[in-house]
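Peer 1: Start counting the sequence shown at 0; every next residue gets the next number (numbering that gives the first Met the number 0). Virtual Cβ for every residue (Gly too), placed ideally from N, Cα, C.
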Amino acid sequence: MGNHTYEYELDNKFFDAIDGEEVRKGDVKVKVNVRRTSSTFEFNFDIEGVVKVPCTRCLDDMSLDIDTSNRLIVKFGKEYSEESDEIVIIPEEEGEINVAWFLYEFIALTIPIKHVHPPGECNRVVSSKYRKHRAVSSDDDDSDGDEIDLDDDDSDTGEDDDLQSGDPRWDPLRNLNIDDN
C-alpha cells in the first residue's frame, strides 16, 4: 500500500508507435499518481501539452492544447476485461498493465469534434474550394465561427426578378388570390 508518482513525456515517437487515427504528433507531459489499496490500484493522470491534428476544414496540421485529468482503477481477476470507462480488470498472473493506449485515448477524447484553424489561418487553396462548393441556405447565419464569407457567392436570381420583368406568361398568376386558401 502507498503512493507512487511517475512522469512521462509523450513525443512524436510515442504517437507513431501507437499508430492512432486522431493524433499523429505531439508534445505532451503526463504525471501519473498510483495509489495502491488492498485490492486495487488507482491511477490518476494529469495530462498537459500540445498535439497536432488535421484541421477539419482544410486538413492542414494545426496545434491543439490538451489539458485533462483522468482516473483509472485496476483490479485483479481471472481474465482481462474493461468493466467501465474507469475500471479495468487484469489477469492476476500477469500482474502488470501497459497504460500507453489509455494515455492515447485520454488525449484523443479531449479533441473536439470540430477543430479548425483560427480565422485566416486555413489553407487558402482549400478554403476557396470549400467556399465554392459549400451549400448555404438563405437563412444561414454562419454562426459556427467560420471565417469564410459566402455573401458574394450568393446571387438572388429568384422568381421575383421574373415577375418584375413584365413577362406576359406570368400575368395569369398575378391575378390569383392565394390568401383565400
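Going by DSSP, what residue range makes up the alpha helix (DSSP H) through P171?
Peer 2: 170 to 173
Peer 1: Cα-Cα, which of N11, N2, S127 is closest to V52?
Peer 2: N11
Peer 1: At the level of alpha carbons, what is the spacing between F75 and F13?
Peer 2: 27 Å
Peer 1: Is the Cβ-Cβ distance between E81 and V73 less than 8 Å?
Peer 2: no
Peer 1: Starting from L9 and walking both ways along the beta strand (DSSP E), at which residues does that stretch end?
Peer 2: 1 to 9
Peer 1: What's the C-alpha gap between Y103 and L71?
Peer 2: One C-alpha to the other measures close to 13 Å.
Peer 1: Over the uninterrupted alpha helix (DSSP H) stretch that includes L102, give me the two end residues.
Peer 2: 99 to 108
Peer 1: Quick check on this structure: which residue in V29, T36, S38, P118 has the alpha carbon closest to the alpha carbon of G48?
Peer 2: For the residues V29, T36, S38, P118, the minimum Cα distance to G48 belongs to V29.
Peer 1: So, does the stretch 17 to 28 touch the stretch 111 to 131, judging by three or more C-beta pairs under 8 Å?
Peer 2: Taking 8 Å as the limit for Cβ pairs, the verdict is that the stretch 111 to 131 does not touch the stretch 17 to 28.
Peer 1: In the DSSP output, which residue or residues are listed as bridge partners for N43?
Peer 2: Per the DSSP secondary-structure output, N43 pairs in a beta bridge with N32, R70.
Peer 1: Looking only at C-alpha atoms, which of I89, T67, W100 sits nearest to P111?
Peer 2: T67
Peer 1: Secondary structure at S127, three-state DSSP: helix, strand or coil?
Peer 2: Reduced to three states, the DSSP call for S127 is helix.
Peer 1: Y129 to C121, Cα distance in whole Å?
Peer 2: 11 Å
Peer 1: Consult DSSP for K51 and reduce its assignment to one of helix, strand or coil.
Peer 2: In the structure shown, K51 sits in a strand (DSSP, three-state: E or B).
Peer 1: Under three-state DSSP, which class holds I177?
Peer 2: helix
Peer 1: Could you check what DSSP says for D150 in three-state terms: helix, strand or coil?
Peer 2: At D150 the pLDDT is 32, less than 50, meaning the model places this residue with poor confidence; the figure from the coordinates comes in the next sentence. Three-state DSSP puts D150 in a helix.
Peer 1: Going by C-alpha distance, which of T4, H3, L9, Y5 is nearest W100?
Peer 2: L9
Peer 1: From the DSSP output, in three-state form, read off K77 for me.
Peer 2: coil
Peer 1: By the three-class DSSP mapping on this structure, what secondary structure does K12 have?
Peer 2: helix
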